[in-house]
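Engineer:
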Amino acid sequence: MLKAVALLDKQTPSDQPVKSSSVNELYQQICRQEGVDPLSWRRVRDLLHELEFLEIIERKRKGAGRGEGAYMETQLLDNPDTVMAACDEVE
Numbered sequence: 010m011l012k013a014v015a016l017l018d019k020q021t022p023s024d025q026p027v028k029s030s031s032v033n034e035l036y037q038q039i040c041r042q043e044g045v046d047p048l049s050w051r052r053v054r055d056l057l058h059e060l061e062f063l064e065i066i067e068r069k070r071k072g073a074g075r076g077e078g079a080y081m082e083t084q085l086l087d088n089p090d091t092v093m094a095a096c097d098e099v100e
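In terms of the numbering used here, the sequence shown opens at residue 10 and continues consecutively.
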């Protein structure tokens, strides 16, 4: 999942957070490509919270406007290339 956060961070303009749902969508795609079963959305949210606690990512709750609900924005705090290299090393 951290790999998904790093990939999205590389693809978006600097200092612009992404929605946590986008992280989950990319994570699901990565799992399908690698032939592994993805974690549930609830578990993904738990792991994102854990990454925030470890100060690897930053998350903020945002309102989408009246009648639209709320969502979480996620932003990687480290260099995405460094994170990607670490993820590849662990695999």
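Backbone N, C-alpha and C define an ideal beta-carbon position, used for all residues, glycine too. Here the structure is a predicted model, which means the values were calculated and not measured.
Leaving out five residues on either side along the sequence, give the residues of the same chain with a beta carbon under 8 angstroms from the beta carbon of D46.
Structural biologist: C40
Engineer: Kindly list the residues whose CB is nearer than 6 angstroms to the CB of K12, restricted to its own chain and excluding five residues on each side of it in sequence; keep chain order.
Structural biologist: Answer for K12: C96, listed in chain order.
Engineer: Which of helix, strand or coil does DSSP assign to M93?
Structural biologist: In the structure shown, M93 sits in a helix (DSSP, three-state: H, G or I).
Engineer: Taking only three categories from DSSP, how would you classify L56?
Structural biologist: Correct three-state label for L56: helix.
Engineer: In angstroms with no decimal places, state the Cα-to-Cα distance between G72 and E98.
Structural biologist: 37 angstroms
Engineer: Kindly list the residues whose CB is nearer than 6 angstroms to the CB of K69, restricted to its own chain and excluding five residues on each side of it in sequence; keep chain order.
Structural biologist: Take K69, set aside five residues on each side of it, and the residues of its chain with a beta-carbon closer than 6 angstroms to its own are E82, in chain order.
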